[in-house]
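Quick note: the sequence shown, position 116, residue 107 per this note's numbering, numbers continuous.
For each residue, glycine too, the CB sits at the ideal point set by N, CA and C.
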Amino acid sequence: MGKSLRDFKKVVIFTGAGISAESGIPTYRGKGGTWDQYNWEDYACQAAFYRDPEKVWEFHEMRRATVADCEPNEGHCIIAEMEAELPELTVVTQNIDGLHQMAGSKNVLEFHGSLWRARCEKENRIHDISELEMESWKCDCGAWLRPDIVWFGDGMKEDVLGKATKAIRQCDLFIGIGTSGVVYPAASLPSLALENGATMIEINLEQTPASALYEYCARGPASQMLQDLWEAEEILGLNP
Ligand code: APR
-8 MGKSLRDFKK VVIFTGAGIS AESGIPTYRG KGGTWDQYNW EDYACQAAFY RDPEKVWEFH
52 EMRRATVADC EPNEGHCIIA EMEAELPELT VVTQNIDGLH QMAGSKNVLE FHGSLWRARC
112 EKENRIHDIS ELEMESWKCD CGAWLRPDIV WFGDGMKEDV LGKATKAIRQ CDLFIGIGTS
172 GVVYPAASLP SLALENGATM IEINLEQTPA SALYEYCARG PASQMLQDLW EAEEILGLNP
């Protein structure tokens, strides 16, 4: 007898931009991707921020405005429902849009930070974006605030990396959703789950460099694939 998702006890859901695509948020790569239209070296790295902090803030303000008009989609909602029903579920997301939390997910690790926070590097203090007057991206200590996002070339947030690694090492089911699997160290997480014997499911529209790590690949839009998997009495192809 095969397994259903409800047979698992410690689940990690690892998401990328593809889970938010159906909410209307552009992915980074592929047709119409953000990095097709903008060169990340001008907008999403520390060197760009030192060169022109206002330009970088304007780019992130534009992205925040896009996200502010979007709602979590059925895929986000099913993940929140799974968290409520299963004994233990951790979302490890590469996304910075906050849609998992808006959909009701509680246990969310933001591997690449958040569009909704800013950081004062002088005081090492985090500000919620809504606290800030618009256009004044300065801390009250006078220093420039910086988006609280892990940009290309940045080090990882140690606490987030530690919690994500711990959850992945202990999980019995790892579902990778809507990620192209090309940005490290995030892209190394599926291998960690496989090494630790987790059942591996990939949800994506297409094959990725990580697909070979997954025992079961559901090809289609995340919301539909998640609904089918969540409702299935038995997920064919999963080890009994
Ligand atoms: N359902 C499922 N998968 C989808 C959907 C959908 N509706 N739409 C797109 N996808 C898939 C694409 O096939 C692709 O594999 O989502 C993936 C999106 O890949 P990327 O745009 O590269 O996004 P991501 O993997 O999250 O990027 C990782 O790169 O730029 C950095 O920090 C940024 O967190 C980001 C990281």
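| Asked | Found |
| --- | --- |
| Proximity test, residue 20 beta-carbon vs ligand 1 heavy atom, cut-off 6 Å | yes |
| Coil, strand or helix - residue 137 by DSSP | strand |
| Buried versus exposed call for residue 88 [16 or more other C-beta atoms within 10 Å across all chains shown] | buried |
| Sequence-distant residues of the same chain with beta carbon closer than 6 Å to residue 55, five excluded per side | 106 |
| Distance CB(residue 169)-CB(residue 6) smaller than 7 Å | yes |
| Local conformation of residue -6 per DSSP, three classes | coil |
| Alpha carbon of residue 8 to alpha carbon of residue 85, nearest angstrom | 7 Å |
| Ligand 2 heavy atom lying under 6 Å from the CB of residue 30 | What this structure holds is ligand 1, not ligand 2. |
| Top-ranked residue by Cα proximity to residue 146, from 104, 161 and 117 | 104 |
| Of the listed residues 82, 14 and 212, nearest to residue 1 (C-alpha basis) | 82 |
| Alpha-carbon spacing of residue 192 relative to residue 68, whole angstroms | 18 Å |
| Any non-hydrogen atom of ligand 1 closer than 6 Å to residue 85 Cβ | yes |
| heavy atom of ligand 1 below 6 Å from residue 196 C-beta | yes |
| Environment of residue 73 [buried if 16+ CB atoms lie within 10 Å] | buried |
| Closer than 6 Å: residue 174 CB and nearest ligand 1 heavy atom | yes |
| Beta-bridge partners of residue 103, as assigned by DSSP | Answer is none; residue 103 lacks a bridge partner. |
| Length-filtered (4 minimum) alpha helix (DSSP H) runs lying within the stretch 35 to 62 | 37 to 42 and 44 to 59 |
| Where residue 27 falls: helix, strand or coil (DSSP) | helix |
| Proximal residues to residue 50 (C-beta, below 6 Å), its chain only, five neighbours per side dropped | 34 |
| First and last residue of the uninterrupted alpha helix (DSSP H) at residue 184 | 180 to 186 |
| Cβ shell of residue 221 (< 8 Å), same chain only, five flanking positions each side left out | -4, 69, 72 and 73 |
| Cutoff 8 Å; reference residue 226; Cβ partners in own chain excluding five residues on either side | -7, -6, -5, -4, 192, 207 and 220 |
| Backbone CA spacing between residue 136 and residue 110 [nearest angstrom] | 5 Å |
| Backbone CA spacing between residue 203 and residue -1 [nearest angstrom] | 22 Å |
| Rounded C-alpha distance that separates residue 128 from residue 156 | 33 Å |
| For residue 148, three-class secondary structure by DSSP | coil |
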